[in-house]
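All residue numbers for the sequence shown refer to numbering that gives the first Met the number 0, where the first residue is 0 and numbers rise by one.
Glycine residues also receive a C-beta, built at the ideal position from the N, C-alpha and C atoms.
Predicted model only: the values in this text are computed from it and were never measured.
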Amino acid sequence: MLNEFVYCPRLFHLEWVQGEFRDNPDVAEGQLTHRRVDKEQGDLPPADEAEDEARPRVARSVMLSAPAAGIIARMDIVESEGTKATPVDYKKGEAPNIPEGAWEADRVQVCAQGIVLRENGYACDGGVVYYAKSKKRVEVPFTEELVRRTLEVRDLARKAAEGPIPPPLVDSPKCPRCSLVTICLPDETNYLANEVGPAGGTEDIRRLFPARDDALPLYVQEQGASIGKSGELLDVKYGKQSLQKVRLLEVSQVSVFGNVQVSAQALKTLCDRSIPLLHFSYGGWFYGVTTGMAHKNVELRRHQFAVMEDAVRSLPLARAAIAGKIRNCRTLLRRNAADAPPAALDELERLAEVAETARDAETLLGIEGSAGRVYFAHFSDMLKVTTDGGSEFNLDFQSRNRRPATDPVNSLLSYLYAVLTKDATVTLLAVGFDPYLGFFHRPRYGRPALALDMMEEFRPLISDSVVISLINNGEIRSDHFVRRGPAVNLTPDGKKKVLGAYERRMDSTVTHPTFGYTISYRRILEVQARLLSRVLTGELSRYTPFCTR
0 MLNEFVYCPR LFHLEWVQGE FRDNPDVAEG QLTHRRVDKE QGDLPPADEA
50 EDEARPRVAR SVMLSAPAAG IIARMDIVES EGTKATPVDY KKGEAPNIPE
100 GAWEADRVQV CAQGIVLREN GYACDGGVVY YAKSKKRVEV PFTEELVRRT
150 LEVRDLARKA AEGPIPPPLV DSPKCPRCSL VTICLPDETN YLANEVGPAG
200 GTEDIRRLFP ARDDALPLYV QEQGASIGKS GELLDVKYGK QSLQKVRLLE
250 VSQVSVFGNV QVSAQALKTL CDRSIPLLHF SYGGWFYGVT TGMAHKNVEL
300 RRHQFAVMED AVRSLPLARA AIAGKIRNCR TLLRRNAADA PPAALDELER
350 LAEVAETARD AETLLGIEGS AGRVYFAHFS DMLKVTTDGG SEFNLDFQSR
400 NRRPATDPVN SLLSYLYAVL TKDATVTLLA VGFDPYLGFF HRPRYGRPAL
450 ALDMMEEFRP LISDSVVISL INNGEIRSDH FVRRGPAVNL TPDGKKKVLG
500 AYERRMDSTV THPTFGYTIS YRRILEVQAR LLSRVLTGEL SRYTPFCTR
């Protein structure tokens, strides 16, 4: 903890106060380096019994506490001879070329271990930092100055743990390789808080994380299928036949539709690795999620509950979300309708402006309804009438309807909105929110209100866009639907087509209009959720919706 605090107080707060941890190649390399010293081996006699012990000893993974100093430490190695003990701390990187020989964070960490050893009765005049990449032992004498600095860091860290999250570093070279950079969002937070770029100017923000995720969702729709675990693989079977094997490292979430079984071993592994299991009805209704232990950041949920219960504080968030949705609807109509009606575009722009100053949630709800009627009245203008087997594909779209959908377009929209709700819910859970308490949608049993709030600005850009693409590119046909009375539903093959198109959209990259870098829609969902968390905790003054250019 003290090492992290010296390196970056914000990183310390994220990891040790909010419970945020995420692996990256550097973290994995560090874990590999520590394998030898993480296993408890060797013996360290109590100091009062070691006075006559002459032979040298080496003990690995030693945990001791110093109640008077208020420090507890797990030491990689303790080399001892009699009552003299020397802590040795392993680091994966290279030894720095500085006069002290070791970074300050590393010197403070090994000195803290020395303080613990001293309180336990051992003579400890110095420690060692071993840099594995350089294969170099750096001696660190425990001078009065270093001990004083270590105790000062202890006190500063305690104070930081009890207060709000420290501000991000500014244009720091430490950020690009930090494992929590996608959670911290240092440049983005600094920009929105100060309206300047990372170096003080207005240049584009650094993109400090990959544009796309390496892991992807797994969808299982085959009725009667089962999901088991085989080593590091998830094995999807139908009876004894293996339908698909997927590496756990490549799975970000698992969605099961209808009658799909999941083994206890697979479920435990998904929970252990924080891979959510999403439950859908056969028809595509999203009704549940199975995850491991809830996110530890209870402070965020405390802020969420306080803001969401306060109509004055939650109204600006609702305004931003609905104004962003209306503007994105207007952009989609302008881009895809051959002859976009100027009156409709003007009305949507007017309604977006009015939404930004709505006096209460009821007024905002009316504005959203008016914008929806204008938008969906011209939705069919964005669709191309195609031929299907020599006959015209009858879209029959007049207006938005649901439960049940009575035409193919509404069936597609409802299905895709359910899938988008799933991704919004998963993202909010990962950030630490309670997805069931929103700032615009009112709480109702079983309804993820905050997920519905968050997805408002993304409905046109993701779900509606996929519908337009499926129809205009001829990917979806009339035989992908089945009519039962007035209801129109997708067939299993139709659902596969829709999910494939949805995932292509989520994986496609787009330029973030605020930050200027290019990332996938799936990553944008997380960025926006984390920016929302910064607003609720008071780090940012307002929420900026994602509005594509």
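Output yes if chain D places a C-beta closer than 9 Å to the C-beta of residue 520; else output no. The structure shown contains no chain D; it holds only a single protein chain.
Would you mind listing the beta strand (DSSP E) stretches within the stretch 461 to 492 that are 3+ residues and don't spill past its ends, in chain order? Those beta strand (DSSP E) runs which fall completely within the stretch 461 to 492 and span 3+ residues are 480 to 483 and 486 to 489.
If you check the beta carbons only, do residue 105 and residue 87 fall under 9 Å apart? no
Based on DSSP bridge pairs, tell me the residues matched to residue 234. BP columns for residue 234 point to 227 and 244.
DSSP three-state label for residue 165, please. coil
Of the choices 42, 70 and 368, whose alpha-carbon is the least far from that of residue 554? Beyond the ends of the chain as shown, which are 0 and 548, falls residue 554; an answer cannot be given.
Use the C-beta contact count for residue 414: other C-beta atoms within 10 angstroms, 16 or more gives buried, fewer gives exposed. buried
As assigned by DSSP and simplified to three states, the class of residue 60: strand
Less than 9 Å between the C-beta atoms of residue 277 and residue 291, yes or no? Contact check for residue 277 against residue 291 fails: the beta carbons are separated by 9 Å or more.
At a cut-off of 8 Å, would you count residue 182 as near the ligand ATP, judging by its Cβ distance to the nearest heavy atom? This structure lacks the ligand ATP, and indeed carries no ligand of any kind.
Opposite residue 80 in the DSSP bridges: which residues? 55 and 83
So which of 306, 114 and 530 has the shortest CA-CA distance to residue 185? Ranking the options by Cα distance to residue 185, first place goes to 530.
Using the beta-carbon count (16 or more within 10 Å), is residue 481 buried or exposed? exposed
Taking the alpha-carbon of residue 99 as reference, which of 90, 138, 69 and 129 has the nearest alpha-carbon? For residue 99, the closest of 90, 138, 69 and 129 by C-alpha to C-alpha distance is 138.
Would residue 271 be called buried (16 or more neighbouring beta carbons within 10 Å of its own) or exposed? exposed
Using three-state DSSP, classify residue 388 as helix, strand or coil. For residue 388, the pLDDT reaches just 45, beneath the cut-off of 50, and the residue's location in the model is therefore unreliable, although a value from the coordinates is still provided. The answer is coil: DSSP assigns residue 388 none of H, G, I, E or B.
Contiguous beta strand (DSSP E) assignments of at least 3 residues, all confined to the stretch 98 to 156: Listed in chain order, they are 125 to 130 and 135 to 140.
Selection from 427, 11, 478 and 220 that minimises the alpha carbon distance to residue 498: Taking only the C-alpha atoms, the option nearest residue 498 is 220.
Terminal residues of the continuous beta strand (DSSP E) containing residue 216? 215 to 219
Exposed or buried, which one is residue 374 when buried takes at least 16 other CB atoms within 10 Å? buried
Go ahead and pull the three-state DSSP assignment for residue 17. Coil at residue 17, not helix or strand.
For residue 279, which beta-bridge partners are listed by DSSP? 256 and 285
Tell me which same chain residues have a C-beta within less than 7 Å of the C-beta of residue 0, skipping the five on either side of it? 11, 15 and 156
Span separating the alpha-carbon of residue 72 from that of residue 114: 10 Å
Answer yes if the stretch 321 to 330 comes into contact with the stretch 350 to 369, meaning at least three C-beta pairs across the two stretches below 8 Å, and no otherwise. The stretch 350 to 369 vs the stretch 321 to 330: in contact.
In its own chain, which residues sit with a C-beta less than 6 Å from the C-beta of residue 260, not counting the 5 before and 5 after it? Within the same chain, 225 come within 6 Å of residue 260 by CB-CB distance, once the 5 residues on both sides are set aside.
Note down, in chain order, each residue of its chain lying with its Cβ closer than 8 Å to the Cβ of residue 442, except the 5 sequence neighbours on either side. Around residue 442: 435, 436 and 448.
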